[in-house]
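For the record, the sequence lines run as chains B and W.
Going by this note's numbering, the first sequence opens with residue 79, and the numbers climb by one from there.
Going by this note's numbering, the second sequence opens with residue 79, and the numbers climb by one from there.
2 protein chains.
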Amino acid sequence: MKLQAGYLFPEISRRIRSFGAENPDAKIISLGIGDVTQPLAPAIVEAMKKAVVDMGSEAAFRGYGPEQGYDFLINAIIENDFNSRNIDLDRSEVFISDGAKCDTGNIQEIFGLNNVIAVTDPVYPVYVDTNVMAGRTGQANKNGQYSKIIYMPCTAENNFIPELPSPAVGRIDIIYLCFPNNPTGAVATKEILSRWVNFARDKRAIILFDAAYEAFITDPKIPHSIYEVEGAKEVAIEFRSFSKTAGFTGIRCAFTIVPKQLQAYTEDGRAVKVNSLWHRRQCTKFNGASYISQAGAAAVYTTEGKKQCRQIIDIYMANAAVIRELLTRLGYDVYGGVNAPYIWMKTPDGLSSWDFFDHLLQKANVVGTPGSGFGPSGEGYLRLSAFAKPDDVKEAMQRIAHSI
Amino acid sequence: MKLQAGYLFPEISRRIRSFGAENPDAKIISLGIGDVTQPLAPAIVEAMKKAVVDMGSEAAFRGYGPEQGYDFLINAIIENDFNSRNIDLDRSEVFISDGAKCDTGNIQEIFGLNNVIAVTDPVYPVYVDTNVMAGRTGQANKNGQYSKIIYMPCTAENNFIPELPSPAVGRIDIIYLCFPNNPTGAVATKEILSRWVNFARDKRAIILFDAAYEAFITDPKIPHSIYEVEGAKEVAIEFRSFSKTAGFTGIRCAFTIVPKQLQAYTEDGRAVKVNSLWHRRQCTKFNGASYISQAGAAAVYTTEGKKQCRQIIDIYMANAAVIRELLTRLGYDVYGGVNAPYIWMKTPDGLSSWDFFDHLLQKANVVGTPGSGFGPSGEGYLRLSAFAKPDDVKEAMQRIAHSI
């Protein structure tokens with residue numbers, strides 16, 4: 079009940095419905111919610127069709143799967159996403175789930191309510207809201223920020239990379255980081271991640287590293303996994319998802335890496351293996367991802383699947399380039415969109431995020447996501463998503479060009 | 079960390095693996111974990127194949143679905159499962175999810191940690207373990223029962239129906255009931271459910287009613303939904319699942335009913351709508367069930383789907399009859415198996431549940447589920463599941479007949 083008014087996206091939907099009701103002829107183009115628009119790759123469709131047929135056959139039917147996912151998928155993940163980047167993982171360190179939102183939301187359940195969390199500002203609301211719901215925070219202030227949470231501002235001034243908290247901030251137990259970042263599109267170099275890993279090792283803190291957008295990295299120097307940084311396995315949990323990588327927002331499949339070395343500490347200083355805690359949590363409150371979704375996810379790693387998924391990502395990143403270039407040409411301050419599917423733009427004329435949202439909706443019939451919905455440091459920004467259809471992106475950009 | 083040693087089913091798996099390693103030629107038949115074995119009904123397979131093809135097509139692709147599920151499924155549920163039994167529900171009272179284990183495990187998150195829960199003994203471990211994990215209980219005693227939980231014994235003496243707690247027990251806020259019962263196979267008449275609904279209304283308590291096995295009811299007098307009882311919408315949440323009804327253990331789809339009338343109360347007595355709390359919880363920590371699973375679930379309600387699913391349930395219930403009859407003929411005390419897919423048998427000669435489990439594994443190579451795994455009142459019982467293949471059930475019964 080401490081939670082602030084409705085989750086960001088439902089509020090956006092409400093305003094769109096309201097505008098649409100008053101303007102039934104308007105063709106609204108959404109660059110708002112980060113939902114994919116390209117159909118699934120053919121290799122994935124074929125694999126899922128086969129899985130469905132299997133489920134209807136006496137010989138191949140499968141009931142409950144292995145609790146943490148099928149080996150065929152876990153092995154493909156380890157080989158393609160990690161071994162290829164010189165990261166060794168044991169199968170027991172990979173937990174298949176039905177979504178990174180669930181995993182990043184549920185992970186806090188295995189930690190005590192007295193732990194202090196740190197988040198960036200702006201931030202993906204799920205990190206904060208799930209901690210509020212668990213009772214780990216105090217009340218919200220007038221900015222919508224909760225007491226007992228450490229907020230780390232990310233603005234153009236620091237290139238959207240949070241500073242390490244100063245000792246004056248006090249105890250920090252759990253740090254949420256997301257790179258490539260939602261919403262700012264910022265990425266972290268190896269040096270930046272090393273700094274955080276060392277900080278976490280010093281403080282006995284745990285990093286919750288959300289890498290849901292790693293597939294959109296184009297710069298070969300940017301790490302895709304936090305485990306590319308030495309020592310990260312001692313302090314970091316990594317979240318991955320097929321939602322954006324392979325268009326699985328409606329299919330539901332993701333995974334979380336919890337290294338066996340990773341330890342948390344009880345209040346009296348006893349070390350506890352986090353892998354076992356998460357394993358027990360998942361065994362008790364989750365019953366596995368759909369076999370069909372897992373079969374589809376495994377196809378992402380086949381030769382055809384990789385090629386086809388890459389083509390789809392290229393479509394989205396071409397959209398990102400179109401958005402970036404037009405907005406830059408129009409004189410806006412624009413960030414992200416190079417290694418991430420999100421463009422983070424400064425609103426013009428000092429408009430608030432919601433005022434600029436309303437302006438774009440009314441004048442261009444284009445929907446963005448108000449930056450202030452991600453936290454007070456997002457005020458004065460708007461997030462545009464590259465996940466729309468290319469023709470829609472082009473039309474949206476033309477309309478924006480004409481509306482100013 | 080308060081949780082007792084491993085979750086029941088992993089421990090069973092461990093013993094089976096260990097026995098199998100020493101006896102590689104043994105053909106073990108599992109009547110243990112309640113997992114389905116019949117392939118999906120053809121109507122479901124067809125619907126899911128179409129859904130997969132849709133997801134690969136430009137025109138029919140769908141990303142994130144409506145947060146609480148597709149209307150095509152919600153409408154089918156309301157019409158077939160509720161309107162047909164004279165229960166009205168609004169669409170906003172139905173929450174589609176990926177499993178009843180998740181829902182019955184997650185539901186406690188929306189209630190304060192000071193609430194007192196009551197569970198039957200024996201009980202489906204998820205109800206208890208999720209409350210322990212949330213911090214709502216004290217430590218376990220030597221029987222494995224946690225302080226701050228009210229346990230309601232269910233034994234042959236009370237026909238496996240818990241008594242209403244006496245006033246001496248003190249405050250009760252949340253009552254978990256499961257009918258048809260897992261593990262005992264007991265069912266509750268309308269009179270029994272009315273008694274509980276009235277008790278909850280008196281105490282301002284909430285009933286969490288797990289009806290995952292309602293499809294197995296054969297007696298027309300037994301209610302399938304707690305909402306068949308007057309006043310239940312004021313006090314009860316109901317959980318349903320396609321896992322056993324339609325063989326979805328590997329597909330993942332379920333739903334939960336949270337009536338709008340249902341209120342909880344803050345510590346200072348303010349009424350709060352539970353529907354809104356659950357809606358917010360699901361919006362924040364869950365991202366919807368797979369479109370393919372929902373498409374398959376909707377096919378359960380088509381004319382063909384109903385007929386085909388009924389045939390599959392009949393196969394399982396025929397298994398239940400075979401198990402019941404043979405064990406009764408052998409002189410065992412046997413319960414359940416008439417309106418439920420579980421048979422709850424008394425162990426012979428005062429053997430403990432695990433000793434009888436080991437005995438059956440070693441002498442008959444048949445796996446049951448030790449009753450004590452469900453709580454101390456389950457000690458001296460074994461649960462047998464009717465979800466095996468008919469030939470396996472017959473062979474298992476022959477082996478049991480010869481092993482004594």
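Yeah, the Cβ is synthetic: ideal placement off N, Cα and C, and Gly gets one too.
- With a 10 Å radius around the Cβ and a threshold of 16 neighbouring Cβ atoms, E403(W) comes out exposed.
- The C-beta distance from A332(B) to S321(B) rounds to 7 angstroms, short enough to meet the 8 angstroms contact threshold.
- Sequence-ordered contacts of the segment 298-312 of chain B with chain W are nonexistent [C-beta pairs closer than 7 angstroms].
- Burial is judged here by how many other beta carbons sit within 10 angstroms of a residue's own beta carbon; Y343(B) has fewer than 16 and is exposed.
- Distance between I270(B) and D411(B), taken at the CA atoms: about 24 angstroms.
- One thing to note: G112(B) has its Cβ no nearer than 7 angstroms to the Cβ of V445(B).
- Nearest in C-alpha terms to D168(W), of all of K80(W), I295(W), D176(W), I155(W), is I155(W).
- Annotation for C361(W): no beta strand (DSSP E) segment contains it, though the alpha helix (DSSP H) segment containing it runs 352-363.
- By a beta-carbon distance limit of 8 angstroms, A121(W) contacts Q386(W). Their separation comes to about 6 angstroms.
- At a cut-off of 7 angstroms between C-beta atoms, I329(B) counts as an interface residue with respect to chain W.
- Here Y413(W) is actually not in contact with M133(W); their C-beta atoms are around 45 angstroms apart, not less than 8 angstroms.
- Shown here, K424(W) sits in a strand according to DSSP, grouped into three states.
- Contact annotation: in the segment 206-221 of chain W, residues whose CB is within less than 8 angstroms of a CB in chain B are D207, T208, M211, A212, G213.
- Between the alpha carbons of N164(W) and V350(W) lies a distance of about 27 angstroms.
- The segment 464-473 of chain B makes contact with the segment 417-435 of chain B: 3 or more CB pairs, one atom from each, lie closer than 8 angstroms.
- D288(W) is a Cβ neighbour of T182(W), given a cutoff of 7 angstroms.
- Following the DSSP letters along the chain, one finds I285(W) inside the beta strand (DSSP E) bounded by residues 284-288.
- Within the same chain, Cβ atoms closer than 7 angstroms to the Cβ of G213(W) are found at L191, the five residues on either side in sequence being excluded.
- Taking 8 angstroms as the cut-off between beta carbons, the residues of the segment 88-110 of chain B near chain W are P88, in sequence order.
- Judged by DSSP in its simplified three-state form, S321(W) adopts coil rather than helix or strand.
- Rounded to the nearest whole angstrom, the CA to CA distance from T425(W) to V313(W) is 37 angstroms.
- Residue nearest to G374(W) within the set A264(W), L429(W), F150(W) is F150(W) (criterion: CA-CA distance).
- Residue pairing of C387(B) in beta bridges, as defined by DSSP: absent, with no partner found.
- The C-beta distance from L242(B) to R279(B) rounds to 12 angstroms, too long to meet the 8 angstroms contact threshold.
- Taking 7 angstroms as the cut-off, the Cβ atoms of A196(B) and I228(B) count as close.
- A straight line joining the alpha-carbon of D159(W) with that of Q372(W) spans about 16 angstroms.
- Listed by position along chain W, the residues whose Cβ is nearer than 8 angstroms to that of T115(B) are F139, G141.
- In the structure shown, P245(B) adopts helical secondary structure according to DSSP, grouped into three states.
- Sequence-distant partners of Y148(B) (beyond 5 residues in either direction) whose C-beta falls short of 7 angstroms from its own C-beta, in its chain, are Q372.
- Within its own chain, the residues whose Cβ lies closer than 6 angstroms to the Cβ of T447(W), once the five positions on either side in sequence are excluded, are G110, R461, listed in chain order.
- When P468(B), R358(B), R477(B) are compared, the shortest CA-CA separation from A399(B) is found for P468(B).
- Annotated three-state conformation of R461(B) is strand, per DSSP.
- Per DSSP, reduced to three states, the secondary structure at T262(W) is coil, with no helix or strand assignment.
- Annotation for Q440(B): the continuous alpha helix (DSSP H) segment containing it runs 431-442.
- Excluding sequence positions up to five before and after A442(B), its CB lies within less than 6 angstroms of the CB of R477, I478, S481, all in the same chain and listed in chain order.
- Residues of chain B with a Cβ closer than 8 angstroms to the Cβ of Y369(W) are, in chain order, G328, I329.
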